[in-house]
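First the structure, in the form of structure tokens, and then the observations on it.
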Amino acid sequence: MTDAGEAELSNAEVRRRASRGAASAFGRHAVVRLLAFLGTLVLARLIAPEGFGLFVTAQFILSILQALAVGGVVSALVRRREAVSDADYRTALVVQQIIAVTVVALLFLAAPAITTAYDLPPDRVWVFRAMALAVFPLSLKSIPQARLQREFRHDKVAASDVIEYLVYLVAALSMAALGYGVWALVAATLLRYTVGAIAVHLAARSGVRIGYEHQRAAGLIQTALPLQGGILLDLGNRAIVPIVLGGILGLAAVGVTGMATTIVDAVILQPLVLVASVQLRLLARVQDEPERMRTLLGDFYSAGGLVIVPLATLLAIIAPTVLPLILSEPWRQVGFVVSGLVLSSALQVISAPSAQAAKALGDVHAPLVGGIVTLALQLLIVVIAAPRIGIYAYPLSALVSGSIWAVLITSRVARRVGMPPVQALLPILAAAAVAGGIWFTAVSLTTSPWIMVSGLILGGLTYLALLVLLAGQAVGRLLAFAAGAVPARLTGVSVAITAASSTCDRLQLRLPSGARP
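Remember, the numbering used here sits 74 above the position in the sequence shown when you count from 1.
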């Protein structure tokens, strides 16, 4: 491999690869997210809240190590508008490994103090140390992953993510069933990221190549540090559960809240996170074109809303009723925590694309300042409310801080490129509200599973019908974009999707020109 760097892609090729990547993220991961949701419920039957709380705490510490060793460097590579050479990738890998060795060594030394702080048995120190080792496969997979993202080969990234998560589920469920408890989750995590590193290297057809140039390293670190600050602030929000809530209410509360967060992540947040890299690369290409950036943001809001809003509505309604029937008594509060977290997570439909736009514009101050404000607010709410309302203080704090964050980051982007068309979400919200009324009636007014299922189906069909009537153009654009992901050999499928796109556009209700807002 030479240092020639990456090839310049035409606009048509960018659109084709971006649509394929987005389709892979939503399509392939739809199956994995369903398996993750079901697998999480099974794990809750096999592992007690205290054990799951210990894993959540160790996983959070791993997230800090990952952010320090990987996060900022990869973001700097992905958002760079000019081409990235092979020498840049090799230098980035060396920088990551130096940081990884340092932070893992520090964690090994700090692990006894962590176990003492949580009043854990001395042998639990190895849970934290073993989880810290996952930083190395995470850092090894990040460079080929960044290369694939820059080439808009998000379909290959999605495929490797599917493989690693399936490995995690099989390993975690098998070992938990054999009685290994928290070690089942730890071992599965290490195996997951090792397999993921191998898979993404095979997908990128690249080996582990190292090299170091001081000037390249200095430039990379200079760009990465502000981005890393935003990542660490996001982790500060996540620290509230294992550190603050755990300190007030104990590891069982951490386990219950962590389980609820895992469910919400699987159904809502992960699809948005998966397409975030696609959004960042597309927005980075038009960072000097405000009109095109606004148009892209409107499309991102609509696409995220079309998929996420109905899922969030459905999950918020059924979680308090369904989850207690599946889980054991120690997990009885999970359903209500899920409902609370769903509302704040759905705000990511707006804030996630806006945050990617801020990154693409090189605006490092907005995420830092906004992150500090929302973190302080969330921390304050939890500290004040947790002694009174228990674990429900966390979803309350997430909703309040998430709402403020969405307003802050979107208004910041609006100052640079003009106000993005957030109103594109209004028809989607209206359709979801009607469907939600049907779902709530079906769940709350009967105990018959057949009537419940019929009501859920009716609500889904109602949502689709209203969506076409109120936002057929947006649906049509999404389908037209999806048609670009269909392989050339499946011409008939592409033609069918294109025809459906035109039909949705024609079926949208048209207001008289004088009545348009």
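A virtual CB, placed ideally from N, CA and C, is assigned to each residue, including glycine. Keep in mind it's a predicted model, so treat the numbers as computed, not measured.
(request) With distances taken Cα to Cα, identify the nearest neighbour of L120 among P316, P404, A507. (result) Measuring from the Cα of L120, the nearest candidate turns out to be P404.
(request) Between the Cα of L371 and those of V408, A429, I322, I314, spot the shortest distance and give me the residue it belongs to. (result) It is A429 whose Cα lies nearest to the Cα of L371.
(request) Inspect the CB distances between the stretch 455–463 and the stretch 484–504 and report whether three or more fall short of 8 Å. (result) Counting Cβ pairs under 8 Å, fewer than three are found: no touch.
(request) To the nearest angstrom, report how far apart R486 and Y192 are at their CA atoms. (result) Straight-line spacing of the CA atoms in R486 and Y192 works out to 40 Å.
(message) Quick check: what's the CA-CA separation for Q219 versus A233?
(response) Answer to the nearest angstrom: the Cα atoms are 11 Å apart.
(message) Distance check for E124 and P316, CA to CA, integer angstroms please.
(response) Whole-angstrom Cα-Cα distance: 12 Å.
(request) Just tell me which of T268, L259, I424 has its CA closest to the CA of G127. (result) When C-alpha distances from G127 are compared across T268, L259, I424, the shortest belongs to L259.
(request) Name the residue from L109, I295, I478, L323 whose alpha carbon lies nearest to the alpha carbon of I172. (result) That would be I295, whose Cα lies nearest to the Cα of I172.
(message) Suppose the cutoff is 6 Å on Cβ atoms and the five residues either side in sequence are ignored; what does the same chain contact list for V148 look like?
(response) These residues qualify, in order along the chain: S216, A220.
(request) Grab me the residues of A250's own chain with a C-beta within less than 7 Å of its C-beta, minus the 5 sequence neighbours each way, in chain order. (result) For A250, where only same-chain residues beyond five positions count, the Cβ hits under 7 Å are L117, L120, I121, A258.
(request) Confirm, please, whether the CB-CB distance from I424 to G488 is below 7 Å. (result) The sequence shown places Ala at residue 488, not Gly. Not a contact, by the Cβ cut-off of 7 Å.
(request) With DSSP collapsed to three states, give me the class of G324. (result) If DSSP states are grouped into helix, strand and coil, G324 belongs with coil.
(request) Buried or exposed for P427, please, with buried defined as at least 16 other CB atoms from any protein chain shown within 10 angstroms of its CB. (result) Buried is the label assigned to P427, since at least 16 other Cβ atoms lie within 10 Å of its Cβ.
(request) For C578, count neighbouring Cβ atoms within 10 angstroms of its own Cβ and tell me buried if that reaches 16, exposed if not. (result) In the assembly as shown, C578 is a buried residue. Its beta-carbon has 16 or more other beta-carbons within 10 Å.
(message) Please state whether the Cβ-Cβ distance between T331 and I483 is less than 7 Å.
(response) 7 Å or more divides the Cβ of T331 from the Cβ of I483.
(request) Please confirm if the stretch 401–415 is in contact with the stretch 522–540, defined as three or more CB-CB distances below 8 Å between the two stretches. (result) Taking a cut-off of 8 Å for Cβ pairs, the stretch 401–415 and the stretch 522–540 do not touch, as fewer than three such pairs fall below it.
(request) Return the chain-ordered list of same chain residues with a C-beta closer than 7 Å to the C-beta of A340, the five sequence neighbours on each side being excluded. (result) Counting only Cβ-Cβ distances below 7 Å, and skipping sequence neighbours, we find R107, A110, F111, T114.
(message) Since L222 and V231 should fall inside the 8 Å C-beta cutoff, what is the C-beta to C-beta distance between them, to a whole number of angstroms?
(response) Correct: roughly 5 Å between the Cβ atoms.
(request) Classify E238 as helix, strand or coil using the three-state DSSP reduction. (result) It is helical.
(request) Going by CA-CA distance only, name the one from A498, A574, L167 that's closest to G285. (result) Closest by alpha carbon: L167.
(message) Comparing C-alpha positions only, which one of L470, L421, Y254 sits nearest to L503?
(response) Comparing Cα-Cα distances from L503 to each of L470, L421, Y254, the minimum goes to L421.
(message) What would DSSP say about C578, mapped onto helix, strand or coil?
(response) Annotated three-state conformation of C578 is helix, per DSSP.
(message) What does the Cβ neighbour count give for W200, buried or exposed, with the cut at 16 atoms within 10 Å?
(response) So W200 ends up on the exposed side.
(request) Using a threshold of 7 Å, state whether the C-beta atoms of V408 and A334 are closer than that. (result) Against a cut-off of 7 Å, the Cβ pair of A334 and V408 comes out as a contact.
(request) Closer than 8 Å by C-beta to A78: which residues in its own chain qualify, once you throw out the five before and the five after it? Chain order, please. (result) Reliability fails at A78, whose pLDDT of 47 lies under 50, so the model's placement of it is uncertain and the value that follows must be treated cautiously. The residues are S159, D160.
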